[in-house]
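**Student:** Encoded as structure tokens, here's the structure I'll be asking about.
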Amino acid sequence: MTRRLYYEDSHLRAFSAQVTGCTQTQKGWEVTLDATAFYPEGGGQPCDLGTLGGAKVLDVQERGEDVIHLCDAPVEGIVESIIQWDRRFDLMQQHTGEHMVSGVVCARYGWHNVGFHMGSDMITIDFDGPIPAEDLPQIEAQVNAYIWQDLQVRTLTPSPEELPHVIYRTKRALPWPVRIVTIPGVDTCACCGVHTKTTGEVGLVKLFSCVKFHQGVRIEMACGGRAMGILNEVYRQNRLVSQAFSAKIMETGEAARQMNERLAAAEYRIVSLERQIHDTIAAGYAGQGDVVHFQEGLRPDQVRELADRIAAVCGGTAAVFSGTENGHTMCLVNKNGDVKELGNALCKALNGRGGGKPGYFQGSVKAGQDEILAFFREQ
Ligand SMILES: [Zn+2]
Numbered sequence: 145m146t147r148r149l150y151y152e153d154s155h156l157r158a159f160s161a162q163v164t165g166c167t168q169t170q171k172g173w174e175v176t177l178d179a180t181a182f183y184p185e186g187g188g189q190p191c192d193l194g195t196l197g198g199a200k201v202l203d204v205q206e207r208g209e210d211v212i213h214l215c216d217a218p219v220e221g222i223v224e225s226i227i228q229w230d231r232r233f234d235l236m237q238q239h240t241g242e243h244m245v246s247g248v249v250c251a252r253y254g255w256h257n258v259g260f261h262m263g264s265d266m267i268t269i270d271f272d273g274p275i276p277a278e279d280l281p282q283i284e285a286q287v288n289a290y291i292w293q294d295l296q297v298r299t300l301t302p303s304p305e306e307l308p309h310v311i312y313r314t315k316r317a318l319p320w321p322v323r324i325v326t327i328p329g330v331d332t333c334a335c336c337g338v339h340t341k342t343t344g345e346v347g348l349v350k351l352f353s354c355v356k357f358h359q360g361v362r363i364e365m366a367c368g369g370r371a372m373g374i375l376n377e378v379y380r381q382n383r384l385v386s387q388a389f390s391a392k393i394m395e396t397g398e399a400a401r402q403m404n405e406r407l408a409a410a411e412y413r414i415v416s417l418e419r420q421i422h423d424t425i426a427a428g429y430a431g432q433g434d435v436v437h438f439q440e441g442l443r444p445d446q447v448r449e450l451a452d453r454i455a456a457v458c459g460g461t462a463a464v465f466s467g468t469e470n471g472h473t474m475c476l477v478n479k480n481g482d483v484k485e486l487g488n489a490l491c492k493a494l495n496g497r498g499g500g501k502p503g504y505f506q507g508s509v510k511a512g513q514d515e516i517l518a519f520f521r522e523q
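Given below as structure tokens:
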């Protein structure tokens with residue numbers, strides 16, 4: 145049985161302990177100690193990493209009454225161990241913040257935390273009921289107010305007689321003994337994780353989003369240093385946007401909206417100018433019968449539109465192509481006849497593909513201008 149030093153002091157970073165077992169496995173050496181401050185993965189909280197004597201700790205898991213440290217080298221005797229503190233403290237900030245958000249949501253709406261994921265970026269909490277996204281700022285403000293009150297985070301294990309009288313959040317009915325974590329006035333929850341000593345250590349909580357998930361919602365959030373890191377990156381991105389738009393850093397949203405408006409107006413103008421150009425080109429083919437026309441740099445919809453305009457005035461079949469020596473987009477249009485046969489013949493001769501409806505044939509050929517013109521000369 146391993147003594148759990150992390151429950152006695154969640155801020156213990158270094159300790160010495162007696163090695164009680166060291167077994168080689170395919171993944172490394174499984175080491176047990178008489179006491180450990182390494183938190184094993186559990187309760188949604190990832191395990192601690194660090195060093196154990198001269199060995200690196202790669203993973204920590206609970207097995208029965210023991211804590212198994214997977215190490216990259218064998219160890220023996222009494223070992224000095226060091227926990228990777230920045231990782232542990234970050235995880236405690238996220239985890240304690242999760243308690244606080246869950247407690248506030250439970251008090252406001254009655255919803256329960258039914259899923260929790262702590263990755264390397266934002267963390268997510270799933271609740272079993274709806275929360276309007278516009279409520280997030282209020283929830284966040286309330287949690288931050290509790291953080292700044294620097295409340296004590298307390299853990300206790302009630303006696304079998306006391307336990308039925310303790311009201312706490314839990315995902316399922318738990319047998320005695322139950323470890324209860326309390327943040328006075330904020331949350332009381334059954335939990336096997338490790339927490340900051342006070343809420344002040346959480347620093348801050350930032351709620352980023354709230355989206356529908358199963359029967360409830362999923363909230364994305366981050367706490368402490370991790371929240372600061374994400375907000376710093378958001379600020380850095382916003383500074384780039386502000387430079388690109390020559391806008392004040394707190395007015396980038398309005399600058400982006402205006403830019404979108406200008407862009408939409410410019411696109412509208414371009415489309416109308418393109419139509420004028422197509423009409424001018426089409427006018428040059430009036431009454432000429434069958435027409436083969438090449439135009440550089442057209443999108444497929446523009447090829448179709450130009451073919452349509454020419455066919456309206458030429459009195460025959462309009463064949464419009466746009467592309468390079470490697471291939472062309474094409475559109476064949478005849479207002480009074482069918483172009484399917486011509487389209488299929490083009491595709492067959494010039495390694496192309498396409499289709500359409502009566503009077504229209506759209507597609508592409510893998511051929512340059514000379515080959516296309518040679519095809520039409522043979523018709
Ligand atoms: Zn906890």
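All letters in the sequence shown, in the order written, are residues 145 to 523 by the working numbering.
Positions of the beta carbon are idealized from the N, C-alpha and C atoms, including for glycine.
I need the boundaries of the beta strand (DSSP E) containing alanine 366, first residue and last residue.
**Tutor:** It spans 360-367 - the beta strand (DSSP E) in which alanine 366 sits, taken as one unbroken run.
**Student:** Using DSSP bridges, identify the partner residues of glutamate 174.
**Tutor:** In the DSSP output, where bridge partners are listed per residue, glutamate 174 has Thr167 and Leu214.
**Student:** Looking at the secondary structure, which residues open and close the alpha helix (DSSP H) in which serine 524 lies?
**Tutor:** Here the chain comprises residues numbered 145 to 523, so residue 524 is not present and cannot be evaluated.
**Student:** Can you tell me which of the three DSSP states methionine 474 falls into?
**Tutor:** Three-state DSSP puts methionine 474 in a strand.
**Student:** Pick helix, strand or coil for arginine 383, following the three-state DSSP scheme.
**Tutor:** Note: arginine 383 maps to helix in three-state DSSP.
**Student:** Taking the Cβ atom as the reference point for each residue, do threonine 240 and threonine 340 lie within a distance shorter than 7 Å?
**Tutor:** Yes; because the gap between Cβ atoms is below 7 Å, this pair is in contact.
**Student:** For phenylalanine 182, name the three-state secondary structure that DSSP assigns.
**Tutor:** The answer is coil: DSSP assigns phenylalanine 182 none of H, G, I, E or B.
**Student:** With respect to 6 Å, is the separation between the Cβ of glycine 247 and the closest non-hydrogen atom of ligand 1 below this value?
**Tutor:** Incorrect: glycine 247 has no Cβ contact closer than 6 Å to ligand 1.
**Student:** Using 10 angstroms around the beta-carbon of threonine 268, count the other beta-carbons present and answer buried if the total reaches 16, otherwise exposed.
**Tutor:** With 16 or more other Cβ atoms within 10 Å, it is buried.
**Student:** In the structure shown, what three-state DSSP assignment does leucine 486 receive?
**Tutor:** Residue state, collapsed to three classes: helix.
**Student:** To which residues of the same chain is alanine 391 closer than 6 Å at the C-beta, ignoring the five residues directly before and after it?
**Tutor:** For alanine 391, where only same-chain residues beyond five positions count, the Cβ hits under 6 Å are Ala399.
**Student:** Between phenylalanine 357 and lysine 315, what straight-line distance do the alpha-carbon atoms span, to the nearest angstrom?
**Tutor:** Rounded to whole angstroms, phenylalanine 357 to lysine 315 spans 18 Å at the Cα level.
**Student:** Comparing the CB of valine 385 with every heavy atom of ligand 1, is any distance shorter than 6 Å?
**Tutor:** Every heavy atom of ligand 1 is 6 Å or more from the Cβ of valine 385, so no.
**Student:** Measuring straight from C-alpha to C-alpha, what distance separates glutamine 238 and valine 338?
**Tutor:** Distance between the alpha carbons of glutamine 238 and valine 338: 11 Å.
**Student:** Any chance the segment 372-386 sits against the segment 290-308, with 3 or more Cβ pairs inside 8 Å?
**Tutor:** The segment 372-386 is not in contact with the segment 290-308.
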